[in-house]
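Start counting the sequence shown at 1; every next residue gets the next number (UniProt numbering). Backbone N, C-alpha and C fix where the C-beta goes; we use that ideal spot for every residue, glycine too. All figures in this text were calculated on a predicted structure; none of them were measured in a lab. The structure appears right after this line, and notes come after that.
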Amino acid sequence: MGLVLVFDLDGTIIDSSDRTLFNIEDTAENFKELKTKIRNENFLNSNLLYVFKRAAYLRRIGKVTAILLLTNNSDNFFISVVDSVLRDICSEDKKIGVGANGQYKNSEYIALNRDPYTEMREQEYFFDSILPRTHTNRRGSDLTNPIKGIDDIKLMLGFLNKEMSEGEILENTFFFDDLDHEGMHPLGDNYIRITPGFKKGVRDETIYNVIFNKLEQLEKPSFGRTRSNTANSGNVETRAALPNNRTIFTPITKRKMAQLLKPKTVPTGGSKLIRTRRTRRANRNKMLRINKNHNKTRNGVRK
């Protein structure tokens, strides 16, 4: 069973403190305008955008089982817009490709007929399943801020016809939320508290190391060698900047690889350079012949 990633929405994925983002009429024009506003005005948590991209790639190659949204937000239009923005961002990465497409509301999801909630917009989604506050099967759906727990994860996986024991869920699930939900405490270090709740212009002090390391580990076979660069290691690797000055290893380009594999030049005596083992051997043989001929001339054999 692959990794399962479960995300809260408000204060985790997006800065939702701007109330103009909500209670908008569901029209094609408003949908497009709100997507543009969210993306262009940096409402999204850049650290989690990194997680979404890596997770989408790993979902495509079968190492991530599901990317789920468990939110106490009840604005279905807003939820759909944010999902669409995430899908657009991930689909622009050629490595991700179809990994940007989640299962929620697709033909297979509908054919399973396990999710009774039909209030979400009909569109292509990034998430594999979405459980908003007003979902029919949500515990305490009549409350403003219902509790979240392992049973919610089981419920969403059930909608996808993916059965996992509680032990498997605890071992393979990461949960992201800015609030404290006691029902998720069994996840231990895999419960990543967004600290403070995400807001534009406020420093994100969340410790993401656990999920960054896990994603890097799962990417190794496909994204190249990712061990730490140590003295005399001989590893060929490059680094790319992450938000908040974190770094990850990324695939090396063909041009860079060619430059790194180009033999180093070593000066020898004069201006000549030995470039490869073959030319070094040829130069050595040439010098032997020169010395041999020189000795013959000096001894009077050649005039």
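Residue pairing by DSSP places ALA66 opposite VAL4 in a beta bridge.
When the beta-carbon positions are compared, LEU58 and LEU170 stay at least 8 Å from each other. Residues of the same chain with a CB within less than 6 Å of the CB of LYS32, apart from the 5 flanking positions on each side, do not exist. For SER129, the enclosing beta strand (DSSP E) has its first and last residue at 129-131. Here the segment 172-181 makes no contact with the segment 94-104; the two share fewer than three CB pairs at distances below 8 Å. Listed in chain order, the non-local C-beta contacts of PHE126 below 6 Å within the same chain comprise ASP83, LEU86, ARG87, GLY102, local neighbours out to five positions each way being set aside. By the Cβ rule, the segment 49-65 does not count as touching the segment 146-154, because fewer than three pairs are nearer than 8 Å. Under the three-pair Cβ rule at 8 Å, the segment 19-38 counts as touching the segment 68-80. Of all C-beta pairs linking the segment 178-190 to the segment 127-137, fewer than three are shorter than 8 Å, placing the two stretches out of contact.
As a beta-bridge residue in DSSP terms, ASP10 pairs with ILE14. With the rule of 3 Cβ pairs closer than 8 Å, the segment 4-12 counts as touching the segment 193-205. Just measuring C-alpha positions, the residue of ARG193, LEU112, VAL202 sitting nearest GLY158 is LEU112. In the structure shown, TYR109 adopts helical secondary structure according to DSSP, grouped into three states. DSSP places THR173 inside the beta strand (DSSP E), whose first and last residues are 173-177. For TYR191, the enclosing beta strand (DSSP E) begins and ends at 191-193.
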